[in-house]
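Asker:
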Amino acid sequence: MKKSKSIAGMVGPTLIVMVLSELKLWNPTLYDTQIVPLIYLNGVLLFIAGLAIVRGHNIWNFSWQTFVTLVGYIGILLGIFRMFFPHIQKNEFKDNGFILSLELLLILLGAFLTYKAYFQKTSNR
């Protein structure tokens, strides 16, 4: 549980701040001049972060801790996708409802993990 709270305490706030700073409402020109090497570098960083989470926290149970593990696997998959297909990411980012829905989902996941890490008391089981 301590490891889960530690990782959630890093991943939760990072998701919130990262996604909020990338919102089209906040930063409308961020993706206008994307270049493939930066998308690739982002993929490398996502892959490394995801792999670190999975290696240190591969917990599959019926609790909130599974969300931490899922974030790691999503990081690995998204990192691989961005490393092997950066040109697709460059061309596909449009201002549409799916992207906004995904961003809102990530903000909620970040808020949930932040709550679990910082505000929920640990039971003595």
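Each residue of the sequence shown is one higher than the one before, counting from 119 in this note's numbering.
Note that CB positions come from ideal geometry on N, CA and C, so glycine has one too.
Predicted model, so just to flag it, every value in this text is computed and none were measured.
1) In the DSSP assignment, the alpha helix (DSSP H) including Q183 goes from what residue to what residue?
2) Does DSSP classify K239 as helix, strand or coil?
3) Just to confirm my understanding: we take T232, look at its own chain, exclude 5 residues before and 5 after, and list those with CB closer than 6 angstroms. What are they?
4) With a threshold of 7 angstroms on Cβ separation, who are the neighbours of L218 within its own chain once the five nearest residues in sequence on each side are excluded?
5) Would you kindly report the start and end of the unbroken alpha helix (DSSP H) that includes F165?
6) Whole-angstrom Cβ separation of G190 and I171, contact assumed at under 8 angstroms?
7) Here's the rule I'm using: 16 or more other beta-carbon atoms within 10 Å means buried, otherwise exposed. How should P222 be labelled?
8) Put W178 into one of helix, strand or coil per three-state DSSP.
9) Between the region 144–151 and the region 174–192, can you find at least three pairs of beta-carbon atoms closer than 8 angstroms?
10) For a minimum of 3 consecutive residues, which ranges assigned as the beta strand (DSSP E) are wholly contained in the region 122–152?
11) Under the rule that 16 or more other beta-carbon atoms within 10 Å means buried, what is Q238, buried or exposed?
12) Can you name, in chain order, every residue of its own chain whose Cβ lies under 6 angstroms from the Cβ of L234, other than the five neighbours on each side?
Answerer: Taking the geometry as given:
1) Q183 to F202
2) In the structure shown, K239 sits in coil (DSSP, three-state: anything other than H, G, I, E or B).
3) G130 and P131
4) none
5) V154 to G174
6) Contact check for G190 and I171: beta-carbon distance about 3 angstroms, within the 8 angstroms limit, so the pair qualifies.
7) Sequence inspection shows Leu at residue 222; the Pro mentioned does not correspond to that position. Looking at its Cβ environment, which holds fewer than 16 other Cβ atoms inside 10 Å, L222 is exposed.
8) coil
9) no
10) none
11) exposed
12) According to the sequence as given, residue 234 is Lys; it is not Leu. Only A126 and W182 meet the Cβ criterion.
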